[in-house]
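Here's the structure we're looking at; comments come further down.
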Amino acid sequence: MSIVARDVTKRFGSFTALDSVSIDVATGSLTALLGPSGSGKSTLLRVIAGLEAPDSGSVVIADEDMTTRAPQDRGVGFVFQHYAAFKHMTVWQNVAFGLKIRHRPRAEIRERVAELLALVQLEGLARRYPAQLSGGQRQRMGLARALAVDPQVLLLDEPFGALDAQVRTELRAWLRRLHDETHTTTVIVTHDQEEAMEVADEVVVMNRGRVEQVAGPRDLYERPANEFVMSFVGHVNRIGDAFVRPHDLELVLDADGSTREAMVERIVHLGFEVRVELVRDDGEPLSVQLTRDEAERLELVRGDIVHVRPTRETTFS
Amino acid sequence: MARLGLRFVALGYLGLILLAPLGLVCYRTFAHDAGAAWATLRTHDTLHAFQVTLIAVGIAVPLNAIFGVLCALAIVRGRFRGRGLLNAFVDLPLALSPVVVGAALFLLYGRGGWLHAFDVLFTIRGIVLASVFISLPFVAREVVPTLREIGDEQEQAAFTLGASGWQTFWRVTLPSIRWAVVYGVVLTGARCLGEYGAVAVVSGNIEGRTQTATLAVQDAYLNLDHAGAYAISLVLALIAILVLVAMSVVRPREASR
Numbered sequence: 001m002s003i004v005a006r007d008v009t010k011r012f013g014s015f016t017a018l019d020s021v022s023i024d025v026a027t028g029s030l031t032a033l034l035g036p037s038g039s040g041k042s043t044l045l046r047v048i049a050g051l052e053a054p055d056s057g058s059v060v061i062a063d064e065d066m067t068t069r070a071p072q073d074r075g076v077g078f079v080f081q082h083y084a085a086f087k088h089m090t091v092w093q094n095v096a097f098g099l100k101i102r103h104r105p106r107a108e109i110r111e112r113v114a115e116l117l118a119l120v121q122l123e124g125l126a127r128r129y130p131a132q133l134s135g136g137q138r139q140r141m142g143l144a145r146a147l148a149v150d151p152q153v154l155l156l157d158e159p160f161g162a163l164d165a166q167v168r169t170e171l172r173a174w175l176r177r178l179h180d181e182t183h184t185t186t187v188i189v190t191h192d193q194e195e196a197m198e199v200a201d202e203v204v205v206m207n208r209g210r211v212e213q214v215a216g217p218r219d220l221y222e223r224p225a226n227e228f229v230m231s232f233v234g235h236v237n238r239i240g241d242a243f244v245r246p247h248d249l250e251l252v253l254d255a256d257g258s259t260r261e262a263m264v265e266r267i268v269h270l271g272f273e274v275r276v277e278l279v280r281d282d283g284e285p286l287s288v289q290l291t292r293d294e295a296e297r298l299e300l301v302r303g304d305i306v307h308v309r310p311t312r313e314t315t316f317s
Numbered sequence: 001m002a003r004l005g006l007r008f009v010a011l012g013y014l015g016l017i018l019l020a021p022l023g024l025v026c027y028r029t030f031a032h033d034a035g036a037a038w039a040t041l042r043t044h045d046t047l048h049a050f051q052v053t054l055i056a057v058g059i060a061v062p063l064n065a066i067f068g069v070l071c072a073l074a075i076v077r078g079r080f081r082g083r084g085l086l087n088a089f090v091d092l093p094l095a096l097s098p099v100v101v102g103a104a105l106f107l108l109y110g111r112g113g114w115l116h117a118f119d120v121l122f123t124i125r126g127i128v129l130a131s132v133f134i135s136l137p138f139v140a141r142e143v144v145p146t147l148r149e150i151g152d153e154q155e156q157a158a159f160t161l162g163a164s165g166w167q168t169f170w171r172v173t174l175p176s177i178r179w180a181v182v183y184g185v186v187l188t189g190a191r192c193l194g195e196y197g198a199v200a201v202v203s204g205n206i207e208g209r210t211q212t213a214t215l216a217v218q219d220a221y222l223n224l225d226h227a228g229a230y231a232i233s234l235v236l237a238l239i240a241i242l243v244l245v246a247m248s249v250v251r252p253r254e255a256s257r
């Protein structure tokens with residue numbers, strides 16, 4: 001089901017968390033709200049869920065105006081960063097909660113919970129309490145709990161933010177597969193641009209309570225709308241007025257008219273990728289991304305003088 | 001060595017301050033005149049005194065349990081002006097001397113007081129009122145930090161899953177704070193059981209009518225019925241110890257899961 005937020009403004013005291021924000025989330029899509037902390041992305045998600053009331057503006061879910069509805073009546077599934085697990089209930093009871101509230105018949109609850117526990121791969125842990133689960137397991141339980149009531153839309157607030165890197169990557173891929181199977185309209189809040197690019201069809205970049213750009217992952221990277229998006233989505237070097245990605249810089253040993261001189265300050269080996277940190281003659285830092293083979297061919301050592309040539313640059317007027 | 005020393009000091013202190021007087025009460029009750037102690041315990045007035053105490057406990061505890069939980073919810077989850085003031089005022093009965101509380105009630109309900117028409121002084125109603133006042137803070141004091149610690153995310157999760165405020169309270173909030181409530185209830189009960197000062201002022205201490213167990217101890221002592229005084233004290237102490245033991249047996253098993 002589609003989600004439409006129109007001119008949503010929300011203030012906390014003198015701080016403006018959302019400044020007349022509008023977004024459209026298409027039915028069946030997976031949209032990421034991406035931004036630094038304090039950008040308003042979580043507040044927007046909470047306004048959509050009804051956990052926060054906007055000062056002005058409207059929220060429409062599945063063509064129904066939800067602005068003044070209670071969270072109970074919006075048909076949303078919400079997943080919290082810190083799980084919000086019911087600590088005094090078992091995994092089974094957590095997942096069954098929404099169904100019990102709706103007074104569904106027992107047989108149906110049993111069947112549905114079993115189905116969901118299988119979906120999130122927690123079948124064997126139904127009788128455990130949340131305290132006996134790992135972070136990743138707790139969050140999968142949180143997802144199953146939210147999905148149990150067949151929400152019209154699924155809202156995830158930094159769902160993998162409290163997990164370690166490997167579990168995060170796994171769950172991300174798993175979430176994408178889940179979405180491809182169920183096609184539930186999903187909005188995920190994240191501050192991790194890699195997560196947003198990997199998981200979402202469309203990314204809404206937010207900053208200081210405003211939307212900076214809405215685009216697919218590829219467009220966002222290749223055609224950023226402004227400086228903020230350019231520097232928030234991926235690393236970037238600034239050369240004069242131009243912005244250059246680290247992989248759009250060429251390193252050569254001999255100078256010519258199009259190059260600038262720089263000194264190697266640090267070489268970071270990241271497996272296939274090698275990052276070379278340089279200092280330009282005017283003292284500005286530069287970061288260059290090379291493949292392992294390129295780096296080996298150049299035989300770089302700390303303190304070497306090299307020459308840099310941008311192969312592609314972006315300017316904003 | 002240091003740890004042993006610490007243990008010795010802690011246990012020694014506890015023994016000296018707590019166990020020695022209690023043990024002595026126990027010893028005195030039975031050593032000299034167990035028959036007299038038993039006789040005092042079985043008199044109509046003593047039994048009635050226990051009855052009055054239990055009535056006061058039986059009314060003050062549930063009343064203050066409900067008030068304490070509501071109050072804690074208002075202090076932690078509320079969004080109104082004067083929350084800080086409420087938080088401070090809840091502690092007032094802890095700070096005031098019980099005799100002062102008794103005197104205040106006396107002024108309020110006594111001849112010429114604003115609420116004289118309620119006819120509370122020298123009745124069981126007065127004893128209950130004083131007990132409720134004196135034991136007001138304990139449940140709220142226990143529940144407030146627990147509510148703060150669990151935060152409101154679980155409640156919000158319940159909302160998004162369709163639970164009403166009422167359902168959320170019974171199914172999510174109350175189970176999360178239940179041990180704080182139980183602890184607060186035990187403290188409230190203990191406080192009412194042992195209350196002397198405020199009750200002494202408002203009850204009139206009429207034997208067989210408005211005398212509580214603690215007042216009966218005082219009376220027996222003044223009447224040189226030492227064995228009787230010890231016997232009543234011992235029963236009061238036993239009730240308190242029983243409740244504490246029951247708590248410590250049940251709680252660790254529950255908390256460990």
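Sequence order for the protein chains is U and P.
With the numbering used here, letter number 294 in the first sequence gets 294, and the count goes up by one each step, no holes.
With the numbering used here, letter number 149 in the second sequence gets 149, and the count goes up by one each step, no holes.
For each residue, glycine too, the CB sits at the ideal point set by N, CA and C.
Burial is judged here by how many other beta carbons sit within 10 angstroms of a residue's own beta carbon; P/Ile206 has fewer than 16 and is exposed. Put simply, the CB of P/Gly228 is far from chain U, with every gap to its CB atoms at 7 Å or more.
For U/Gly77, the pairing in a beta bridge is given by DSSP as U/Leu154. With a cutoff of 7 Å on beta-carbon distance, U/Val205 and U/Val229 are scored as near each other.
At a cut-off of 7 Å, the C-beta of U/Ile305 has no neighbouring C-beta in chain P. Look at the beta carbons and you see the segment 118-126 of chain P not touching the segment 65-75 of chain P: under three pairs across the two are nearer than 8 Å.
Chain-ordered listing is empty here: chain P has no CB closer than 9 Å to the CB of U/Lys41, the nearest sitting near 17 Å.
In this structure the segment 11-27 of chain U does not lie against the segment 161-181 of chain U, because fewer than three pairs of beta carbons, one per stretch, are closer than 8 Å. When the five nearest sequence neighbours on each side are left out, the beta carbons in the same chain lying within less than 8 Å of the beta carbon of P/Gly228 are those of Ala36, Ala37, Ala39, Thr40, Leu41, Thr46, Ala220, in order along the chain. Against chain U, a Cβ distance below 7 Å from P/Val172 picks out Phe86. For P/Val132, the closest C-alpha among the options P/Ile59, P/Asp152, P/Leu11, P/Gln218 is that of P/Ile59. Note on P/Asn223: under 16 other CB atoms within 10 angstroms of its CB, so exposed under the neighbour-count rule.
In the DSSP assignment, U/Phe12 forms a beta bridge with U/Phe15.
For U/Arg297, the enclosing alpha helix (DSSP H) begins and ends at 292-298. CA-to-CA, the gap between P/Asp33 and P/Arg191 works out to about 30 Å. The Cβ atoms of U/Arg302 and U/Val268 do not sit closer than 7 Å to each other. Residue nearest to U/Ala200 within the set U/Thr31, U/Gly38, U/Gln132 is U/Thr31 (criterion: CA-CA distance). DSSP places U/Val306 in the strand class (E or B) of the three-state scheme. Taking all protein chains in view, the Cβ of U/Glu261 is surrounded by fewer than 16 other Cβ atoms within 10 Å, so the residue is classified as exposed. Excluding sequence positions up to five before and after U/Thr90, its CB lies within less than 8 Å of the CB of Ala126, Arg127, Arg128, Tyr129, all in the same chain and listed in chain order. Annotation note: the segment 172-239 of chain U contains the following uninterrupted beta strand (DSSP E) runs of length 3 or greater, listed N- to C-terminal: 185-190, 202-207, 210-215, 237-239. Beta-bridge analysis with DSSP links U/Phe243 to U/Arg238, U/Thr314. Taking 7 Å as the cut-off, the beta carbon of P/Val101 is found no closer than this to the beta carbon of P/Pro137.
Judged by their CB atoms, U/Ile23 and U/Ala49 are not nearer to each other than the 7 Å cut-off. Counting only runs of 4 or more residues that sit fully inside the segment 113-173 of chain P, the alpha helix (DSSP H) segments are 124-134, 137-150, 153-160, 165-168, in chain order. Under a criterion of Cβ atoms nearer than 9 Å, the residues of chain U adjacent to P/Pro175 are, in order, Phe86, Lys87, His88, Met89. Within chain P, not a single residue places a beta-carbon under 9 Å from that of U/Gln152; the smallest gap is close to 12 Å.
Chain-order list of chain P residues neighbouring U/His82: Glu153, by C-beta distance under 8 Å. When beta bridges are read from the DSSP output, U/His88 appears opposite no residue. Note on P/Ser97: under 16 other CB atoms within 10 angstroms of its CB, so exposed under the neighbour-count rule.
Exposure of P/Leu85 is indicated by the presence of fewer than 16 other C-beta atoms within 10 angstroms of its C-beta.
Any Cβ of chain U closer than 7 Å to the Cβ of P/Ala157 would place that residue at the interface, and such an atom is present. The contact set of P/Ala231 on chain U, defined by CB atoms closer than 9 Å, is empty, because the minimum CB distance reaches about 43 Å. Under the Cβ distance rule, P/Gly208 does not count among the residues neighbouring chain U, no pair being separated by less than 7 Å. Taking every protein chain shown into account, the CB of P/Gly23 has fewer than 16 other CB atoms within 10 angstroms, so this residue is exposed. Nearest neighbour of U/Leu45 by Cα position, chosen from U/Ser56, U/Ser37, U/Leu33, U/Gly38, turns out to be U/Leu33.
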